[in-house]
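Encoded as structure tokens, the structure appears first; notes follow it.
There are 2 protein chains.
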Amino acid sequence: MDVRALVFDVFGTVVDWRSGVAREVGRLLGDVVDAESFADAWRGRYVPSMDRVRHGEQPWTDLDGLHRASLDELLAEHGLPDTPEDVRAELVLSWRRLDPWPDSVPGLTRLKRRHVIASLSNGNVALLVDMAKYGGLPWDTVLSAELFRHYKPDPEVYLGAAELLSLAPEQLLMVAAHVDDLVAAHKCGLRTAYVHRPSERGPAVADADINVSALTDLADRLGA
Amino acid sequence: MDVRALVFDVFGTVVDWRSGVAREVGRLLGDVVDAESFADAWRGRYVPSMDRVRHGEQPWTDLDGLHRASLDELLAEHGLPDTPEDVRAELVLSWRRLDPWPDSVPGLTRLKRRHVIASLSNGNVALLVDMAKYGGLPWDTVLSAELFRHYKPDPEVYLGAAELLSLAPEQLLMVAAHVDDLVAAHKCGLRTAYVHRPSERGPAVADADINVSALTDLADRLGA
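Laid out in structure tokens, this is it:
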């Protein structure tokens, strides 16, 4: 493999969205909801909401916008229709205040020495920039579905990343804890690395070029 | 001023393009040309080449492509039409191997603590990512004219940066050593900081919100 750049899925792969969102839900809504179940239900609407955009049923909407719409639905379903506007806005920002997994910053820091490292997330640019500052993620640059106005797993995202980095698809390594992301990246010609994150509930091992259980392991594998 | 993000012109403002390009020209072409004059002549074609794109006379072409076309013209004019392809390709990459001014990395590192810092350059994304790795520029993210398919001073670049960062134009501070860049940013509602770089041959002081002579001075001014 002649990998020049590593592009990373972020939610679940680099940061722990569940505990971070649950913490903010608990802080902002209190005991009226079960915070972790609420976080799971919110995340449950993620793929269906992007699919409406991907299938042309809804014009381009960034992830902050999709998160806000699904939050409004969830609050209504939980009998909380009177949640104030400022609390809703703050809840949407909880997706920026997510802690990296313990191996993420050490692994990325090593990987950055010899490779370009970039996010390649469905999160919007502002979200990813704020999250990187919050967690100290040392990206060389932030790449986002927003730049291509297509959500993963649309091929435009993977091929768009290669084009912006002026690399051939096979010079990019897509790193993700989700098999569907890697399958789509592989179809576009990218190399793939599967990171097993138990809380993402994927298989222990996937059909990928590299299988690891931490970004520090990935640094070992790439001699970084 | 409620400035949340600082966006930087790069060539001349953050890095010393003249001596870096001259060094690579000398290394790759040898004594057959005066390296510094050649660098100046190459840079002299920069604005006219972007203007052809800006005025619709030429379809979108990234800066690597514009640099290559003007290099080919220059080599022909200098009686060097037989310069090999690999040397031409390497010369184009000289625009990525530019040293930061001595104050740039210390200043950016301080400014990054409390603000988002991003490039906002006519250089393409791959060029800016490679340049940042070469010089250790600690961008939170790379923003480029390429993302908007418009070159500065088109308003789409300044307003596009604000949109991607989810900020109002007045929450962005455009930092540049070139007055025309700041005038265009100001027209779009951005705040402006002029950095006097004598080799860029601009005035000592410009009509900007902030005037400084180094990025460490800018950090002082913003209390970073």
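Protein chains in written order, with the numbering used here: chain Z, 1 to 224; chain L, 1001 to 1224. Backbone N, C-alpha and C define an ideal beta-carbon position, used for all residues, glycine too. Here the structure is a predicted model, which is why all the values come from computation and not from measurement.
The beta carbon of L/Asp1016 sits closer than 8 Å to those of Leu1098, Asp1099, Pro1100, Trp1101 and Ser1199, all from its chain and outside the five residues before and after it, given in chain order. If you draw a straight line from the Cα of L/Ala1089 to the Cα of Z/Leu120, it comes to about 28 Å.
One alpha carbon belongs to Z/His178, the other to Z/Met50, and they sit about 16 Å apart. In terms of Cβ geometry, L/Leu1190 and L/Met1174 form a close pair [threshold 8 Å]. Across the segment 1130–1154 of chain L, CB contacts with chain Z closer than 9 Å involve Asp1130, Ala1132, Lys1133, Pro1138, Trp1139, Asp1140, Thr1141, Val1142, Leu1143, Ser1144, Glu1146 and Leu1147, in sequence order along the chain. According to DSSP, residue pairing for L/Leu1006 in a beta bridge involves L/Ile1117 and L/Leu1173.
Its chain contains Val1125, Gly1160 and Leu1164 as the residues whose beta carbon lies nearer than 8 Å to that of L/Leu1147, once the 5 sequence neighbours on both sides are disregarded; these appear in chain order. Taking 8 Å as the threshold, the shortest C-beta distance from L/Val1015 to chain Z does not fall below it. Within chain L, the C-beta atoms nearer than 9 Å to that of Z/Leu165 come from Val1125, Ala1126 and Val1129, in chain order. For Z/Leu143, the enclosing beta strand (DSSP E) begins and ends at Thr141 to Ser144.
For L/Val1032, no CB of chain Z lies under 8 Å from its own CB, so it is not counted at the interface with that chain.
The three-state secondary structure of L/Arg1110, taken from DSSP, is helix. For L/Thr1192, the uninterrupted beta strand (DSSP E) segment begins and ends at Arg1191 to Val1195.
Annotation: the continuous alpha helix (DSSP H) that includes L/Val1179 extends over Val1179 to Lys1187. Selection L/Ala1041, L/Lys1187 and L/Leu1066 evaluated against L/Pro1153 yields L/Lys1187 as nearest (Cα-Cα).
Z/Val212 carries a strand assignment under DSSP once its states are collapsed to helix, strand and coil. Sequence-distant partners of Z/Thr83 (beyond 5 residues in either direction) whose C-beta falls short of 7 Å from its own C-beta, in its chain, are Leu75. The contact set of L/Val1053 on chain Z, defined by CB atoms closer than 9 Å, is empty, because the minimum CB distance reaches about 18 Å.
Z/Val116 has a beta carbon lying within less than 8 Å of a beta carbon in chain L. Spanning the alpha carbons of Z/Asp62 and L/Pro1059 requires a straight line of approximately 28 Å. For L/Gly1026, the uninterrupted alpha helix (DSSP H) segment begins and ends at Trp1017 to Leu1029.
Under a 10 Å Cβ-count criterion, L/His1150 is classified as buried, with 16 or more other Cβ atoms of the shown protein chains found around its own Cβ. Within the same chain, Cβ atoms closer than 7 Å to the Cβ of L/Arg1096 are found at Leu1127, Asp1130, Met1131 and Tyr1134, the five residues on either side in sequence being excluded. Between the segment 107–122 of chain Z and the segment 208–223 of chain Z there are three or more inter-stretch CB-CB distances shorter than 8 Å, so the stretches are counted as touching. Annotated as distal: Z/Asp72 and Z/Val92, with beta-carbon spacing of 8 Å or more. Inter-segment contact for the segment 1001–1021 of chain L and the segment 1034–1049 of chain L is present: three or more beta-carbon pairs are separated by less than 8 Å.
Cβ contact annotation for L/Leu1143 (same chain, cutoff 7 Å, sequence separation greater than five): Val1007, Ala1118, Ser1119, Leu1120, Ala1161 and Leu1164, in chain order.
DSSP places Z/Asp51 in the uninterrupted alpha helix (DSSP H) bounded by Tyr46 to Arg54.
The beta carbon of Z/Asp40 is closer than 8 Å to those of Arg18 in its chain, skipping five residues each way along the sequence. For the set L/Val1105, L/Arg1027 and L/Val1032, the Cα lying nearest the Cα of L/Pro1081 is the one of L/Val1032.
Here the alpha carbons of Z/Val212 and Z/Val14 stand approximately 13 Å from one another. It is roughly 17 Å from the alpha-carbon of Z/Ala193 to the alpha-carbon of Z/Val105. Within its own chain, the residues whose Cβ lies closer than 6 Å to the Cβ of Z/Arg68, once the five positions on either side in sequence are excluded, are Val92, listed in chain order. Taken through DSSP and simplified to helix, strand or coil, Z/Pro84 comes out as coil. Of Z/Val157, Z/Gly44 and Z/Val10, the smallest CA-CA separation from Z/Pro138 is found for Z/Val10.
Short of 6 Å from the beta carbon of Z/Met1, and not among the five residues preceding or following it, lie these beta carbons of its own chain, in chain order: Arg191.
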